[in-house]
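Residues in the sequence shown are numbered from 0 upward in steps of one, following numbering that gives the first Met the number 0. Just so it is clear, CB atoms sit at the ideal spot from N, CA and C, and this is done for glycine as well. Working notes, structure below.
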Amino acid sequence: MRSTVLGAGSWGTALGAVLAGKGFPVAIWDADGEPLRTIAARRENERYLPGIPLPETLRAEPDLASALAGAELVVIAVPSSAVRPVAVQARPWLRGGVPICTVAKGVEADTLMTMSEVLEDVLPLEMHPYLTFLSGPSFAVEVARGAPTAVTVAGRWDRVGKMVQEAFHTRSFRPYTSADVAGVEIGGCAKNVVAIATGLCDGLGLGSNARAALVTRGLAEISRLAMAKGAIPLTLMGLSGLGDLVLTCSSEKSRNYRVGFGLGTGRKLEEIQHELGQVAEGVVNARSVHLLAAKLGVEMPICEAVYRVLEEGEDPRSTVSTLLARETRAEG
Ligand SMILES: NC(=O)c1ccc[n+]([C@@H]2O[C@H](COP(=O)([O-])OP(=O)(O)OC[C@H]3O[C@@H](n4cnc5c(N)ncnc54)[C@H](O)[C@@H]3O)[C@@H](O)[C@H]2O)c1
0 MRSTVLGAGS WGTALGAVLA GKGFPVAIWD ADGEPLRTIA ARRENERYLP GIPLPETLRA
60 EPDLASALAG AELVVIAVPS SAVRPVAVQA RPWLRGGVPI CTVAKGVEAD TLMTMSEVLE
120 DVLPLEMHPY LTFLSGPSFA VEVARGAPTA VTVAGRWDRV GKMVQEAFHT RSFRPYTSAD
180 VAGVEIGGCA KNVVAIATGL CDGLGLGSNA RAALVTRGLA EISRLAMAKG AIPLTLMGLS
240 GLGDLVLTCS SEKSRNYRVG FGLGTGRKLE EIQHELGQVA EGVVNARSVH LLAAKLGVEM
300 PICEAVYRVL EEGEDPRSTV STLLARETRA EG
């Protein structure tokens, strides 16, 4: 299956390698020529996945039209803030009837649209049934090394979800399908904000009990938001909900967790982000999740606490005290 990956960051490159590893001809494109140059010259994405050899059939292509020519599957793997401009740029060369798989996790800052809503806004109606969304517990570096990974592919048309599932399926990469686009999208987006909270908790040295409470209560508030967007509650118990939350909230490989941890130890946000050198979606999405929750009347105290620390410069320690001092209530 001839495939095109838009975005040569860590996730786009890892997914491109999965597809190319099956022998598919894969073109990978990015607005930044640097990762493309090292892929072409050394079969390695030196900046985002250093030291990992990439398959011969992964072709770096700096021209967008050439990258998309003849594509039978298009993967959009840029940060959520870039999905709209990239889709607008790609639109003239996208063909009808071709599955489009978006892997960005976020809610658009100005419009508060999820990625499916952004793409439905940008692309013609006949392409909407071909939109799919891949999410789940998946660190790019592990996928690129062939470590066992399971993810969810959500799509409104089962047949298209199955096509994408089949395209990605390997001995070590196992996609499940789901018809619950909203559930998969909100789970993937809001867990990054909760991961900042658990990082903060660990940076402040509050202990394992506190982290487990944040993960559990975090899942409860993510589920409330997802349901307000029409999700099925059970989706949040799956790979793209609980699975991704557990991964992101408990590993130093998570950029969002590292942002929280750094803030908890008293470091400045700008310094931590500069050191990461890559997108930490939770930082951008703390604001959009906070605004979306307010718009839909959903209570999300943990995400709101993260928003206050990031956007209003609130002291993390007093934020945690405020969280604990909230009025007591029944669990649920
Ligand atoms: N890295 C992971 O392990 C992982 C796993 C699952 C999901 N994701 C999600 O995938 C998305 C991408 O993450 P990533 O880790 O690959 O990010 P990254 O920071 O490693 O790379 C992002 C890439 O997008 C490119 N880009 C940014 N704006 C662009 C634009 N306007 N036009 C074209 N290219 C543009 C950048 O040049 C860069 O190569 C995020 O939403 C992230 O949450 C990442």
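Extract the residue ranges of the alpha helix (DSSP H) inside the stretch 164-210, only unbroken runs of 4 or more that lie entirely within it. Taking only runs of at least 4 residues, the alpha helix (DSSP H) segments lying wholly in the stretch 164-210 are 180-202.
Figure out for me which residue from L199, E141, L241, G206 has the closest Cα to the Cα of T215. Cα-wise, what sits closest to T215 is L241.
Cβ-Cβ separation, S115 to G187 (assumed contact under 8 Å), whole Å: So it is not a contact: roughly 11 Å between Cβ atoms.
From what residue to what residue does the beta strand (DSSP E) around V152 run? 148-154
I99 in three-state terms, based on DSSP: strand
Going by C-alpha to C-alpha distance, which of A40, S287, E313, K104 sits closest to L268? E313
Alpha carbon to alpha carbon, how far is P50 from A13? Reading off the sequence, residue 50 comes out as Gly, not Pro. So the two alpha carbons sit approximately 13 Å from each other.
Whose C-alpha, out of E303, E33, L309, is nearest the C-alpha of G263? For G263, the nearest C-alpha among the options comes from L309.
Can you find the residues in the same chain that come closer than 7 Å, C-beta to C-beta, to E141, ignoring five residues on each side of it along the sequence? T148
Proximity below 8 Å, CB of N208 to CB of E280: no
Leaving out five residues on either side along the sequence, give the residues of the same chain with a beta carbon under 6 Å from the beta carbon of G154. T131, G160
Nearest candidate by alpha-carbon position, reference A227, set L63, I185, L213: I185
State the start and end residues of the unbroken beta strand (DSSP E) segment that holds W28. 25-28
Specify the secondary structure class of I385 as computed by DSSP and reduced to three states. The structure shown has nothing for residue 385, since the chain only spans 0 to 331.
For A81, which residues of its own chain have a beta-carbon under 7 Å away from its beta-carbon, when the five flanking residues on both sides are left out? none
What distance in whole Å lies between the Cβ atoms of R90 and V121, which are believed to be in contact at a cut-off of 8 Å? 7 Å
For A108, does the three-state DSSP call read helix, strand or coil? coil
How big is the Cα-Cα spacing for V278 and P78? 7 Å
Integer Cβ distance of G217 from L244, believed to fall under 8 Å: 6 Å
Beta-carbon within less than 6 Å of E60's beta-carbon, same chain only, minus the 5 sequence neighbours each way: which residues are those? Correct list, in chain order: A26, W28, A66.
Between L322 and the rest of its own chain, which residues show a CB-CB distance below 8 Å, the 5 nearest in sequence each way excluded? P300, I301, A304
CA-to-CA distance, S137 to R170, given in whole angstroms: Spanning the two alpha carbons is a distance of roughly 15 Å.
Taking the alpha-carbon of E107 as reference, which of V319, D179, L290 has the nearest alpha-carbon? The candidate whose alpha carbon is nearest that of E107 is L290.
Reducing DSSP to helix, strand and coil, say where T264 ends up. coil
Please tell me whether T56 and E45 are closer than 8 Å, where the distance is taken between their beta carbons. Cβ distance not < 8 Å, so T56 and E45 don't count as in contact.
Does at least one heavy atom of ligand 1 sit under 7 Å from the Cβ of Q272? no
Anticipated Cβ contact below 8 Å, Y129 with P174, distance rounded: The beta-carbon distance between Y129 and P174, rounded to whole angstroms, is 16 Å. This is too long to meet the 8 Å contact definition.
Could you check whether D179 and A230 sit closer than 8 Å to each other, using their CB atoms as the reference points? yes
Give a single yes or no on whether K190 has its beta carbon closer than 7 Å to a heavy atom of ligand 1. No, the Cβ of K190 stays beyond 7 Å of every heavy atom of ligand 1.
Which residue wins for smallest C-alpha separation from V282, given the options S320, G198, E330, A324? G198
What would DSSP say about A59, mapped onto helix, strand or coil? Three-state DSSP puts A59 in a strand.
Enumerated in chain order, which unbroken segments of the beta strand (DSSP E) with a length of 3 residues or greater are wholly contained in the stretch 243-311? Runs of the beta strand (DSSP E) lying entirely within the stretch 243-311 and spanning at least 3 residues: none are present.
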